[in-house]
Amino acid sequence: MRLVDHHVHSTLAATPDRATFELLITEADRPGPAGTTQFDSQLGFAIRAHCAPLLGLDAHAPADDYWAARTARPEEEVADAFLRAAGVDHWLVDTGFKGDLLLPLDRLSGGRDEQVSEILRLESLLESVAAGATAQTLMTDFRQALTDAVPHIRGLKSIVAYRYGFDIGPDRPSPREVQEAAARWLAELETGAPARVSDPVLLRMLLWEGADTGLPLQLHTGYGDADLELHRCDPLLLAPWIKAVEPTGAAVMLLHCYPFHRNAGFLAQVFPHVYLDVGLAVNHTGAASPGVVAESLELAPFTKILYSSDAWGPPELHYLGALLWRKGMAAALSRWVHAGEWSTADAVRVATLIGRSNAERVYRLA
Amino acid sequence: MRLVDHHVHSTLAATPDRATFELLITEADRPGPAGTTQFDSQLGFAIRAHCAPLLGLDAHAPADDYWAARTARPEEEVADAFLRAAGVDHWLVDTGFKGDLLLPLDRLSGGRDEQVSEILRLESLLESVAAGATAQTLMTDFRQALTDAVPHIRGLKSIVAYRYGFDIGPDRPSPREVQEAAARWLAELETGAPARVSDPVLLRMLLWEGADTGLPLQLHTGYGDADLELHRCDPLLLAPWIKAVEPTGAAVMLLHCYPFHRNAGFLAQVFPHVYLDVGLAVNHTGAASPGVVAESLELAPFTKILYSSDAWGPPELHYLGALLWRKGMAAALSRWVHAGEWSTADAVRVATLIGRSNAERVYRLA
Amino acid sequence: MRLVDHHVHSTLAATPDRATFELLITEADRPGPAGTTQFDSQLGFAIRAHCAPLLGLDAHAPADDYWAARTARPEEEVADAFLRAAGVDHWLVDTGFKGDLLLPLDRLSGGRDEQVSEILRLESLLESVAAGATAQTLMTDFRQALTDAVPHIRGLKSIVAYRYGFDIGPDRPSPREVQEAAARWLAELETGAPARVSDPVLLRMLLWEGADTGLPLQLHTGYGDADLELHRCDPLLLAPWIKAVEPTGAAVMLLHCYPFHRNAGFLAQVFPHVYLDVGLAVNHTGAASPGVVAESLELAPFTKILYSSDAWGPPELHYLGALLWRKGMAAALSRWVHAGEWSTADAVRVATLIGRSNAERVYRLA
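Now the structure itself:
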C-alpha cells in the first residue's frame, strides 16, 4: 500500500556535516553531554537498523560506517533511495520552517512518480506581509495574501503551540483588538526585532482566518523542541477553540500529539471535525513506536486518524516514518486479527483509511 | 465467574433507529463526517466481532447485516441475549440519565436470576426537589429527599466532573453560601432555565451531603462526552476534597478514569477510601482494551479495583463490557502467571476480587 | 552485569513489626480498608514471587509464611541476602529521610564488596542549620554547611515536589527575598513549629545553591506518598527552572517520574543536562513494570537514563528494584533484538549504559 504523508517537510538541499546531522535526528537544539552521540537513541538505532541496508551496509552498522556511506553519495542519491523506499504517493509539505536549507518543492519528488502539494504555515505568511503593513492594514494584507495562496495549497498549518500554547482562548479577536496588537508588534519590528509573531491576539486571528478558508488546518500538538512548553501543548487545552470553530467547516488536524495522543483520540471521537496523527513520535520512539501507534488506535474513529512522518531534512526520516508506521500498524492489526477481534478484511481497510484514504477525503486529493 | 457490574445504566426500552444507535456507540453527540459510520471504531468492530454471533451471524458480519439481524428481533429478546451472556449477578444501576428512554429497573433483569440495585445521582435528586423549594429550604429539602432515598439505594453518583470539573475545591460550603447559591439558581429557574445544577457551591454541597450518608459515592472521572472539559476531569485535581472527606467514611469510587487511570491508581493506593474502575474505556477501546486493563493493575491495590461496564442503552454494551474485561484480565493475568510473576491461585483470587468481591464488600451486597 | 543504584536509601536497622512492614511496601501512610493487606498489590506479589525463594520458601508463598520466615532471621541476615542478590556495586544513598530507623551508611554494605556514597538532601541540610541561624545568616550558614559537605558527597537531592510543587518558578531569589522568607520561617520555628521548610523562596534558594555546586541534583518527580499533590509534580512544570539552571553545569536527575515518565523522556531529550529514572515505580508496578520500563526507553537518549531502586527500609526493595529492572530491560531489549530493530551488541551496551555507565559518568564514580 502506498501512503499519503499528510504532514512532512522537504529534504536537505545538500549533504550536512556530522554535527548538523546529529541535531537533525533529535528535537534538542544543541549537542548532548560530551562523549555522547545522538545516534544512541531509538531514532539513531532505527537509522542503523533500517537505513543502513539501503546504503549497502549491514543492518545495525556502526554510526561511523553509516556516516561514511551516507556522505560518500550525493545527497540527491541518498534522498532518492529513501524517498523511493518510503512508498509515498503524495507528500503534503509544510513549507514554513527553514525552507532555505531544503530542496524546493518542485525538486522534492525527483524523477519519481510522486505528487507534492503545499501546506502553508499561517505564522510565516503573516510574518511575510508584516514588512509592508501598518497596524490598520495588517489583517487585510494577511487576508489578501491568504486568499491569493488558497488556490495553490492543500491546507494550512499553525504553530500556535510553539508561539504561545493551547491555552490561548477560543474567541475570534475583534478588528480593534487585532489593530492594537498589530500596532504593538509592528512597533517592535521597527526596533529591529525579528519578524516572529507570538502575540496571542494575532495568533488567534490566524487560527480563525485559517479556519475561515475551510481548508484543513494542521496544528502542531504535543512533543517538539525545547522552544515549546509541553504542558501547554496538550490538545485538551484547545477544546474551547475547537468547539467554537466547528461551524467554519474546517477540519482540525492534530499533528504528532505525543505524549497526549490519547487526549487527541478523545477529541477525534467527540468532535466531528477533529483528526489526529502520531507523526514525529513514531520516528523518535523507533523500536518502541508500535506501542505509540497502538495507543493512537484506542478512542479515535478509524476515519479520523492519518499517517504523517513530520520528516524535516534528512530523507532517512521520510523513509523511517513510513516504515515504522507500517510495522507498528502491522503489529497491532495482526495481533487483533489473530485474537479474533478484527477480520483480516477490516485490518486491510483500516490500514488503507489511515495510510491514505482519510487524507484523500479530508484534503480532497482524489 | 459471575460479575457484579457496579456502575451501569438500564437498557433501551425500544428498538432504536440506526442513526440513534450509532450515536449510542460513541461519546460524540452528533454524527461524524459525511460518509463515515460509528461502526468504524474499536467499539463498532467489537460489536461485529462479539455480538454478531449471539444474533446468529458470523463474527465480523458487516454492520448492515448486524443491523438487519438486530432489528429483526424485539428489543427485549436482544437485551435478554446480551444480558444473559454478560454473566452478571448484580447490576448497580445509575438511574440519573435519560431514564425515560430505558427499561425501568424492575424490568431490567427480565426473567433472569439477576439482582438489580439503584445508584442515585445527586445532581438529579437536587434538580427534582428544586421546583418546590426556596433558597431557605433547598438544602433541607434535598437532605430530606436523600434521607428518604437511602434505604432504597446502594450508593450515590455525582457528575461534578461534567457540571464543573474536579478543580472545585475541597470545602464543605456553609449554610449561608448554600442559601446564596440556591437563591441565584432558583431565580434562574424561575426565568424558565432548565433545572441543571452547575453552581460549584451547590455541587460541593452535594458531594458533602452524599459523603455524609456513608454510602459509596461514585464519581464520573475522565473520558466522557463533549460536554466535559477533559483536562478538568483528572482525578488528581480532586485530591484536596478526597483528603477532606475521608473522615466521613464514604468510599470514593472513581469511575472510568481513562486516560487518567494511572493517576487514579495512585489515589487508590495512597487513600484508603479510594477505588477505581476502567469501565466505559474498555468498551470504547475494544481490541486495544487489554492495554488499558493492564494499566489499571499497576499501582492500585487489588482490593481497590472494581468491574463496571458503564453501559447505557444498547444491551450490546452490557455484554461487551463484561466480555472485554474478562478477556483483558485473562490476557494480563495469564501473561504474569506464565512469566512466573503470579501464581495461578492468586490470579483467580484477584480476578474474583475485581470482578465481584470488592464490590460486594464496599456496597455491602452479601 | 553489576549495577549502580543511583538513588536509594539505607535498610532497616531492626526487624519491623508486620503493620510497619505493610506500610513500607506501599506509599500509603495508613492501613487500607479493614480486612485488606498491602500484600495484595503488585509489590506484595513480587515479594512473594521473588523474595520468598531467597528465604528458602517456594515462589508465591503465602504472605503469612513469608512473614514467619522473614522474622525468624535477624534483620542483618535478611538484608545481606537481598542486597547481595541485588548485584549492585555502588549505592548512592539519600540520607535525608528518617535515617534514625535505618542502618548508618558505614554498615549498609555489610561485609560485602559494595561501595556506598552519600547523596545529601538540601531541605534536610537547611533544616539542620536553622536552629543556630538568624534571618541574616541563614543563607550563608547553609552555604557554609553545603561547602563543608561537598567533599564527602556524590550528589544532592531536593524534595521541592513534596514541599511545594514544580510550579515553583525559575528565578534565583534575591538575598533580600531570602532574608525576608528566612525571617518568616525562623519566627514560625520559634513558636515551636517543626523545622520543615516549605516556603517557595527558600526552596528555590536551595535549588539554586545546590546547582551552584555543580554536583548532580536529584529531584523527586511524580509518584510518591499522599503528602504530595501529584499533578504539581509533573516535571514539565519545572522546565522554566531547568532552562534557567543549565549554565551552572549541574546535571538534573529526575527520579521515579511515573506517571510522567514520558514527559521526563522529552526533557531528557531536549535538555543536555536532564536525566531520568523510573525507580520506585518499577517496584510498585511489579509484574506490570516491563511496560513502565519500556515507556522510559522512548524519547530519552540512552545516555540519559539511569537505574535506581529508590528502596527505603526493607531490603526486599533493594533487591526487587534491581531484579524487576533487569527483567523489564531484558523483556524490552530482547523483543527489539528479535524483531530486528536492535543488534544484540547494542542491547548489551544500552543495558550497561543505563545499569551503571551513565551513573559512573554523571557522578564521576570511576
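The listed protein sequences derive, respectively, from chains A, B and C. Using the UniProt record's numbering, you'd call the opening residue of the first sequence number 1 and step up by one each time. Using the UniProt record's numbering, you'd call the opening residue of the second sequence number 1 and step up by one each time. Using the UniProt record's numbering, you'd call the opening residue of the third sequence number 1 and step up by one each time. Idealized CB from N, CA, C, for every residue including glycine.
**Request:** Decide if the segment 91-111 of chain B is in contact with the segment 3-22 of chain B; the criterion is three or more beta carbon pairs, one per stretch, under 8 Å apart.
**Result:** yes
**Message:** Can you pull out the residues from the segment 210-226 of chain A whose beta carbon lies closer than 7 Å to at least one beta carbon of chain C?
**Reply:** Tyr-223, Asp-225 and Ala-226
**Integer Cβ distance of Ile-153 of chain C from Leu-320 of chain C, believed to fall under 8 Å** = Actually they do not touch by this definition, with Cβ atoms about 26 Å apart.
**Asked** Around the C-beta of Asp-227 of chain C, are 16 or more other C-beta atoms found within 10 angstroms, so that it is buried, or is it exposed?
**Response** exposed
**Request:** Determine the direct distance from the alpha carbon of Leu-236 of chain C to that of Leu-254 of chain C, and round the result to whole angstroms.
**Result:** 11 Å
**Asked** Can you give, in chain order, each stretch of the alpha helix (DSSP H) that sits fully within the segment 270-342 of chain A and has at least 4 residues?
**Response** Counting only runs of 4 or more, we get 281-285, 289-295 and 315-338.
**Prompt:** According to the Cβ coordinates, are Leu-323 of chain A and His-6 of chain A closer than 9 Å?
**Reply:** no
**Message:** Helix, strand or coil, according to DSSP, for Glu-27 of chain C in the structure here?
**Reply:** coil
**Asked** Mapping DSSP to helix, strand and coil, what is Gln-136 of chain A?
**Response** coil
**Prompt:** Are any of the Cβ atoms in chain C nearer than 9 Å to that of Gly-265 of chain A?
**Reply:** So, not an interface residue.
**Asked** Are the Cβ atoms of Gly-355 of chain A and Trp-325 of chain A separated by less than 9 Å?
**Response** yes
**Prompt:** Going along the segment 40-56 of chain A in order, which residues come within less than 9 Å of chain C, judged by CB to CB distance?
**Reply:** Asp-40, Ser-41, Gln-42, Gly-44, Phe-45, Ala-46, Arg-48, Ala-49 and His-50
**Prompt:** So is residue 367 of chain A in contact with chain B if we call contact Cβ pairs under 9 Å?
**Reply:** Look at the range of chain A in this structure, 1 to 366, and you will see that residue 367 of chain A is not part of it.
**Message:** Check whether chain C comes within 9 Å of His-231 of chain A, counting only Cβ atoms and requiring the distance to be less than that.
**Reply:** yes
**Request:** Can you pull the chain B residues whose beta carbon is under 7 Å from the beta carbon of Glu-27 of chain C, in chain order?
**Result:** Gln-269 and Val-270
**Request:** Tell me whether the beta-carbon of Leu-202 of chain C lies closer than 9 Å to the beta-carbon of His-284 of chain A.
**Result:** If you check the CB distance, Leu-202 of chain C and His-284 of chain A do not come in under 9 Å.
**Three-way DSSP call (helix, strand, coil) for Glu-221 of chain C in this model** = Looking at the sequence itself, residue 221 of chain C is Thr, so the reference to Glu does not match. Correct three-state label for Thr-221 of chain C: strand.
**Asked** Any C-beta of chain B sitting closer than 9 Å to the C-beta of Val-292 of chain C?
**Response** yes
**Message:** According to DSSP, simplified to helix, strand and coil, what is Asp-58 of chain A?
**Reply:** coil
**Request:** Assuming Val-278 of chain C and Val-292 of chain C form a contact by the criterion Cβ under 8 Å, report the distance between their Cβ atoms to the nearest whole angstrom.
**Result:** 6 Å
**Prompt:** Are there 16 or more other CB atoms within 10 angstroms of the CB of Lys-157 of chain A, so buried, or fewer, so exposed?
**Reply:** buried
**Prompt:** CA-CA distance, Trp-91 of chain A and Glu-114 of chain A?
**Reply:** Near 8 Å, if we compare the C-alpha coordinates of Glu-114 of chain A and Trp-91 of chain A.
**Prompt:** When DSSP labels each residue in this structure, what does His-6 of chain A get in the three-state scheme?
**Reply:** Of the three classes helix, strand and coil, the one that applies to His-6 of chain A here is strand, per DSSP.
**Prompt:** Met-205 of chain B by DSSP, collapsed to three states: which one?
**Reply:** helix
**Item:** Coarse secondary structure for Thr-11 of chain B, derived from DSSP in three states
**Value:** strand
**Prompt:** Under a CB-based cut-off of 9 Å, is Gly-35 of chain B close to chain A?
**Reply:** yes
**Inter-residue Cα distance where the pair is Arg-143 of chain A and Glu-209 of chain A** = 7 Å
**Request:** To the nearest angstrom, report how far apart Ser-308 of chain C and Thr-213 of chain C are at their CA atoms.
**Result:** So the two alpha carbons sit approximately 23 Å from each other.
**Asked** How would you write the range of the alpha helix (DSSP H) that Gln-38 of chain C sits in, first residue to last?
**Response** Premise fails: Gln-38 of chain C is in no alpha helix (DSSP H) and is neither H nor E.
**Prompt:** For the alpha helix (DSSP H) that contains Lys-243 of chain B, what are its first and last residues?
**Reply:** 239-245
**Item:** 9 Å Cβ cutoff, Ala-288 of chain A in contact with chain C
**Value:** yes
**Request:** Compute the distance between the beta-carbons of Met-205 of chain C and Pro-247 of chain C, then report whether it is under 9 Å.
**Result:** no
**Prompt:** Is Pro-155 of chain C helix, strand or coil when you go by DSSP?
**Reply:** With the sequence shown as reference, residue 155 of chain C is identified as Gly, and Pro is not the correct amino acid for it. If DSSP states are grouped into helix, strand and coil, Gly-155 of chain C belongs with the strands.
**Request:** Determine the closest residue to Glu-127 of chain C out of C:Leu-186, C:Ala-345 and C:Gly-265, with distance taken between C-alpha atoms.
**Result:** Among C:Leu-186, C:Ala-345 and C:Gly-265, the Cα nearest to that of Glu-127 of chain C is on C:Leu-186.
**Message:** Rounding to the nearest angstrom, what Cα-Cα distance links Arg-84 of chain B and Ile-159 of chain B in this structure?
**Reply:** Straight through space, the alpha carbons of Ile-159 of chain B and Arg-84 of chain B are spaced by roughly 29 Å.
**Request:** List the residues of chain B whose Cβ lies closer than 7 Å to the Cβ of Phe-302 of chain A, in chain order.
**Result:** Asp-40 and Ser-41
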